[in-house]
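Novice:
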Amino acid sequence: MDARYMALALTLGRRGHGRTWPNPAVGAVIVKDGLVVGRGWTQPGGRPHAEVEALRRAGPAARGATLYVTLEPCSLFGKSPPCADAVIAAGIGRVLSALEDPNPEVAGAGHARLRAAGITVDVGLGAEEARRDHAGHIRRMRDGRPHVMLKIAASADGKAGAAGRKPVAITGERTRERVHLLRARSDAIMIGIGTALADDPILTCRLPGMTEDSPVRVVLDSKLRLPTNSRLVRSAREVPLWVVTAAGAPSAAKEAVEAGGVTVLSVARADGQLDLAAVLRLLAERGISRLMVEAGPILAAALLEADLVDEVALFRSDKVVGPDGIDALEGMPLTALSQSAYLASICNEAVGEDRCEIFERR
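Every letter in the sequence shown is one number past the one before it in numbering that gives the first Met the number 0, and letter 79, counting from 1, is 78.
1) Below 8 Å between beta carbons: does that hold for residue 83 and residue 74?
2) Let me know if residue 347 comes out buried or exposed under the rule of 16 or more other beta-carbons within 10 Å of its beta-carbon.
3) Of the choices 183, 357, 52, 178, whose alpha-carbon is the least far from that of residue 42?
4) Would you kindly work out how many angstroms separate the C-alpha atoms of residue 10 and residue 322, rounded to a whole number?
5) For residue 317, count neighbouring Cβ atoms within 10 angstroms of its own Cβ and tell me buried if that reaches 16, exposed if not.
6) Taking the C-alpha atoms as reference points, what is the distance between residue 287 and residue 186?
7) Hey, quick one: how far does the alpha helix (DSSP H) through residue 337 stretch, first residue to last?
8) Three-state secondary structure (DSSP) at residue 184?
9) Which residue comes first and which comes last in the beta strand (DSSP E) that contains residue 26?
10) Look at the alpha carbon of residue 223 and the alpha carbon of residue 278, and state the distance between them as a whole number of angstroms.
11) Could you tell me if residue 312 is buried or exposed, where buried requires 16 or more neighbouring beta carbons within 10 angstroms of its beta carbon?
12) Find the nearest neighbour of residue 31 within the set 0, 128, 315, judged by alpha-carbon distance.
13) Is there contact between the segment 53 to 69 and the segment 90 to 100, where contact requires at least three CB pairs shorter than 8 Å?
14) Measuring only between beta-carbons, confirm whether residue 73 sits less than 8 Å from chain B.
15) Out of 13, 180, 2, 327, point me to the one whose CA is closest to residue 202's CA.
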């Protein structure tokens, strides 16, 4: 039964993916006498926390009950009091926590506070699944960058575009729906200026009823070439758009896109290009923990080469583009994924007429 209730907490926590940054998306369930008396998940913007939501719904029934939570209750004062104190005040008798919080300001202090108050605390149930669900928070706390998921769409002959880097429809409608769902579960989505110029994308989530779940859009644009009449800039006041450029980019171009509601950020160059590690650190500093990359072949290959990719969603169709098409990864074959020393294939499934293979960091 403990495993069943923790599984419910994990499911609830996923409701917050893409909506709670800079806080992790936590799930919580309160059980008393075999009945669920309270459920909660981190609310949009990161507050209220999952434990507080579950306690509010449980009310007096929380006294003597068991709390199942996917991440250690916080122990520090931020914009709200510590969840550990709320758990203690509610009279919870037992806490099952999937993971200790990797945040160095917590890192076991929440569990210690609960134990000091006489609450039984067990840690580790559902840990493997919780680590996957909280991968962004863990990566951001430990490495100072977001969890990076790279999405690649490739034809049967390994191409991502037509000759001359012209866009071409490769995957089907079911794959497009899946990609939009992945966007909704991400804090931010990133592309390079080449993709922005070639495709004029909008990068929102266009599934029915999920427009508000669109992630922050990020464009890497070292010379600030993004046109002010692009769909990205024209929608910047509705869905946040961050453009990351190099120090010393043209001030007139900067002022022009900022006038459209764009946030312009700067990082240093490395080997003449934007320093990708610095870009990821900058995004993490701004609270992004789950980053989806829908890059073109150049940026995708650069991230893989720099060992900055934690997960790959490779969508393959049975269409053939031809030998003049653009390779899905610049300068490397798609077999670089299956032969990677740090990525392993964990899933391969049909998505409509296409297939999706998932690779994760070993």
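Ideal Cβ positions, reconstructed from N, Cα and C, are used throughout, including at glycine. These numbers come from a predicted model, not from an experiment.
Specialist: Considering the structure as presented:
1) yes
2) exposed
3) 52
4) 44 Å
5) exposed
6) 6 Å
7) Unbroken alpha helix (DSSP H) run through residue 337: 334 to 337.
8) Here DSSP, grouped into helix, strand and coil, assigns residue 184 to coil.
9) 26 to 31
10) 15 Å
11) buried
12) 0
13) yes
14) Checking the listed chains, one finds no chain B in this structure; it contains a single protein chain.
15) 180
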